[in-house]
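Remarks on the structure that follows.
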Amino acid sequence: MKEETSNNSRRKFLKSVGLTVGAAGVVSGFSLLGAAKAAAQEPGETVNLLTQDGQLVQVDKNQLRPTVTEPLTELQKRGREGIAGKSFVMVIDLSKCRNARKCMAACQNHHQLRPDQHHINVLQMQDAEHTAPYFMPKPCQHCDNPPCTKVCPVDATFKRQDGIVLIDNERCIGCRFCIAACPYSARIFQWTEPKDAEKYKNLTYNIEANVPQKKGTVSKCLFSADRLRENKLPSCVSSCPNGVYYFGDQNEDAVTNGTTHETVRFSKLIEENAGYTLMPELGTKPRVYYLPPKNRAFEFNGDLLNEENLH
């Protein structure tokens, strides 16, 4: 009778902190599976868990069970597999960006983002005191060696065979470990209800568009993976009026400019224009390449411009 009363008390405690037997959490020092196996050897001991709402709680090890994940839907399976035979890359020509921000607006409209949320942002840059400033669009780098995917405890973020890094918000528990791991600050967290939540609430979740968005989950640039299924360029690429973006398939060695629709050899474009990636010393191997801001097509018009910069 005492044992039954004790078990009931534990169940009530778990429910009070938003957990159930078998629920996923973040364990300090070892995995949930390891904790479950150790329970029989160390009865009565507790472990610290982080709940989805950010509360640190203590739970008896005897109550821990390995997480049972739901079967993947067809959209989830397709989204995780990617497009066979493809290896997507993006090239950003910094000499052509004039901060029109059409890319940002198109991305926000496509992915149910508010005006203050960015999957891609245009930054004002100045490399040294006496160098001229310029504008730099910065999306997710879709690294070949992504640190974000390695820290996710529930396999919510992953890298596909075609090079794209995605997030499955049906699995995301909002721990934000991936945000901390990303050296490019490419991810955002949905602290509040997404834009037009009522409008999108009855749509089937599409992992390749990350729509509908969900409060309490992480979101990021997707290279508009759903548009790639239809042989279309990403929203940011096709909406730019100034020829900043190229996008294509490295396996075919071909990228297309979103403004002029000209297709060129990817390797030649990078080689002849001194293309580079951000922070290569980190070993993340980004799939986004930049062309230096040389022979700029437009005068810089931003907050960094002043008389000292012109000397």
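For the sequence shown, UniProt numbering assigns the number 1 to the initial residue and increments by one for each residue that follows.
Ideal placement from N, C-alpha and C gives every residue a C-beta, glycine not left out.
Can you tell me which of the three DSSP states residue i falls into?
i      : result
SER219 : strand
MET104 : helix
THR149 : helix
LEU123 : strand
ALA254 : strand
LYS61  : helix
ASP93  : strand
What residues in its chain sit with their C-beta under 8 Å from that of residue i, if we drop five residues either side in the sequence?
i      : result
LEU183 : What sits at residue 183 in the sequence shown is Pro, not Leu. Same-chain partners within the cutoff: PRO147, MET279, LEU282, THR284.
ASP226 : ASN206, GLU208, ALA209
ALA196 : Sequence check: residue 196 is Asp here, not Ala. Hits under 8 Å: GLN112.
PRO46  : Residue identity check: residue 46 is Thr in the sequence provided, not Pro. GLN58, VAL59, ASP60, LYS61, listed in sequence order.
PHE300 : ALA132, PRO133, TYR134, PHE135
Roughly how many angstroms lie between the CA atoms of residue i and residue j, to the nearest whole one?
i      : j      : result
GLY248 : PHE266 : 8 Å
GLN76  : ASP168 : 8 Å
GLU170 : GLY258 : 32 Å
GLY79  : CYS175 : 22 Å
VAL211 : TRP191 : 16 Å
GLU230 : ILE92  : 22 Å
THR277 : ARG287 : 8 Å
THR73  : LEU50  : 27 Å
ALA105 : GLN55  : 35 Å
Residue j and residue i - do their beta-carbons sit closer together than 8 Å?
i      : j      : result
LEU233 : VAL255 : no
ARG303 : GLN124 : What sits at residue 303 in the sequence shown is Asp, not Arg. Their beta carbons are under 8 Å apart, which means ASP303 touches GLN124 by this criterion.
LEU292 : ALA100 : The sequence given here places Pro at residue 292; Leu does not occur at that position. No. Outside cutoff.
Please identify the residue among the options whose C-alpha is closest to the C-alpha of residue i.
i      : options                        : result
GLY85  : HIS110, GLY275, VAL264, ILE164 : ILE164
TYR134 : CYS97, ARG101, LEU166          : CYS97
TYR200 : ARG187, ALA274, LYS215         : LYS215
LEU166 : THR217, LEU222, PRO137         : LEU222
MET90  : GLU198, ARG114, CYS107, GLN250 : GLN250
Please go through the same chain and pick out, in chain order, the residues whose beta-carbon is closer than 6 Å to the beta-carbon of residue i, but skip the five residues on each side of it.
i      : result
GLN161 : GLY82
SER31  : Because the pLDDT of SER31 is 49, which lies under 50, any placement of that residue in the model is unreliable, and the number read from its coordinates should be weighed accordingly. Answer for SER31: no residue qualifies.
GLN117 : ILE188
For residue i, which residues from the same chain have a beta carbon less than 7 Å from its beta carbon, with the 5 sequence-adjacent residues on both sides left out?
i      : result
PHE298 : ARG98
VAL151 : PHE177, CYS178, ALA181
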